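See structure below.
Protein chains: 2
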Amino acid sequence: MESFIDQVTSKVRAEGGRMTAQRRLILDALEDLRGHPTAEEIFDHVRNADPDINLSTVYRTLRWLEENGFVSPRWFEDEKRRERFDPVDRPHAITEHFHFRCRVCNRIIEFDEPLIHELRRKYAADTGAEIESVSFTLYGVCALCKKDTPEQP
Amino acid sequence: MESFIDQVTSKVRAEGGRMTAQRRLILDALEDLRGHPTAEEIFDHVRNADPDINLSTVYRTLRWLEENGFVSPRWFEDEKRRERFDPVDRPHAITEHFHFRCRVCNRIIEFDEPLIHELRRKYAADTGAEIESVSFTLYGVCALCKKDTPEQP
DNA sequence: CATCTAATTGCAAATGTTTTGCAATATCGT
DNA sequence: ACGATATTGCAAAACATTTGCAATTAGATG
């Protein structure tokens with residue numbers, strides 16, 4: 001199966017674009033920083049390899065990836081206006097994103113759960129709407145953090 | 001049952017705060033503009049009654065309402081960094097927000113569906129996490145807009 | 001009802017994140 | 001290796017939201 005970078009490279013070429021060193025670094029970062037990095041986190045990471053890279057290059061690349069279905073932007077309510085970028089494995093499929101966000105350790109945990117898919121089908125069937133993307137986010141305290149800070153007696 | 005404004009007024013008083021004309025207007029707007037207005041939309045609406053009101057007053061009031069559980073901020077992915085404010089009927093209950101957002105008419109439709117509550121319980125039971133809030137958003141094209149723009153043959 | 005004081009306001013400037021215009025640079029087909 | 005043009009770095013702009021501060025005002029008190 002084609003790697004993430006190879007997939008992106010094919011698409012860049014197909015559009016008459018060019019695969020630059022900067023883009024390669026940003027794609028690497030997206031794989032290295034498993035999870036949902038912000039543009040700034042990606043920027044800090046790629047700076048190790050290329051201290052001259054510019055934040056706007058990071059943004060421009062991320063936007064291109066977004067438009068072409070390779071990453072999907074995400075907002076978490078405790079971070080208000082800061083965008084996070086979620087690499088997408090199957091570009092252009094219906095995007096479904098299920099996250100748990102821990103208020104204590106700030107970890108973002110991805111999960112899947114057949115009930116959500118059922119929910120989407122049910123909503124579409126009930127209302128006649130066409131669903132293109134689904135976002136389901138739970139906020140709270142994860143099991144580990146709950147253990148560390150037991151409720152006071 | 002106590003009206004929204006009365007509920008807020010009680011709380012303001014309880015905190016040693018003051019119920020100003022501006023706050024009253026903003027609360028009215030929140031009721032008039034059923035849905036999920038942005039700060040700017042609220043601002044434009046209250047300007048009819050008080051042309052001198054300031055946008056920062058709107059923001060400050062909304063933040064106070066948020067901290068006190070009377071509104072809940074919401075982001076929709078097609079609007080990136082713009083916040084919308086959702087009045088909350090039962091302050092401080094576990095907040096659960098289920099929305100459908102139509103890409104064509106931009107309408108935000110609220111719905112409820114027992115499966116989501118089940119999902120939350122299931123996730124909590126499976127992982128041991130404690131859930132404090134749930135956000136479920138479907139994006140797509142609503143039945144009406146689908147009818148207006150049938151797919152090309 | 002007049003007074004007093006702290007809460008709230010309007011204003012302007014600041015903030016933080018993301019975007020953009022443009023000249024310089026670098027990729028890739030030839 | 002060359003040349004057209006896509007992409008970059010930079011600095012400045014855009015944009016939503018927040019903040020400091022002096023002026024105003026709600027509402028408790030006499």
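Here the protein sequences line up with chains A and B, keeping their order. Residues 1 to 153 in the UniProt record's numbering are what the first sequence spells out, letter by letter. Residues 1 to 153 in the UniProt record's numbering are what the second sequence spells out, letter by letter. Glycine included, each C-beta is placed from N, C-alpha and C at the ideal position. Computed from a prediction, not measured in an experiment: that's the story for all the values here.
is_contact[residue i, chain A] using C-beta, thresh 9 Å
i        : result
B:Lys80  : yes
B:Cys105 : no
B:Pro73  : yes
B:Arg120 : yes
B:Phe100 : yes
B:Asp148 : no
Residues near residue i by beta carbon distance below 7 Å, same chain, minus five either side
i        : result
B:Asp32  : His45
B:Lys11  : Asn68
A:Trp64  : none
A:Asp148 : none
Short Cβ contact (9 Å threshold) for residue i with residue j
i        : j        : result
A:Phe85  : A:Thr9   : no
B:Ile108 : A:Leu119 : no
B:Glu77  : A:Ser135 : yes
A:Val58  : A:Phe70  : no
A:Arg81  : B:Arg81  : yes
B:Thr127 : A:Ala124 : no
A:Glu113 : B:Lys122 : yes
Minimum Cβ-Cβ distance from residue i to chain B less than 9 Å
i        : result
A:Met115 : The identity of residue 115 of chain A in the sequence shown is Leu, whereas the question assumes Met. Output row for A:Leu115: interface = yes.
A:Trp64  : no
A:Phe111 : yes
A:Pro153 : Because the pLDDT of A:Pro153 is 42, which lies under 50, any placement of that residue in the model is unreliable, and the question is left without a value.
A:Glu41  : no
A:Glu83  : yes
A:Glu77  : yes
A:Val12  : no
Close Cβ partners of residue i (< 6 Å) along its chain, the five nearest in sequence each way excluded
i        : result
A:Thr137 : His99
B:Tyr139 : Arg101
A:Val104 : Val141, Cys145
A:Thr61  : Arg23, Ile26
A:Ser133 : Thr95
B:Arg18  : none
Rounded Cβ spacing between residue i and residue j (contact assumed at less than 8 Å)
i        : j        : result
A:Lys146 : B:Glu130 : 6 Å
A:Asp50  : A:Ala21  : 7 Å
A:Leu25  : A:Ile5   : Contact doesn't hold; Cβ gap of about 11 Å is too wide.
Nonlocal neighbours in the same chain, by C-beta distance under 8 Å from residue i, ignoring five residues either side
i       : result
B:Glu83 : Thr38, Ala39, Pro73, Arg74, Trp75
A:Leu55 : Ala39, Glu40, Phe43
Point to revise | Near-chain A residues of the region 123-146 of chain B - C-beta to any C-beta below 7 Å | key: Listed by position along the chain: Tyr123, Thr127, Gly128, Ala129, Glu130, Ile131, Glu132, Ser133, Val134, Ser135, Phe136, Thr137, Leu138, Tyr139, Gly140, Val141, Cys142, Ala143, Lys146.
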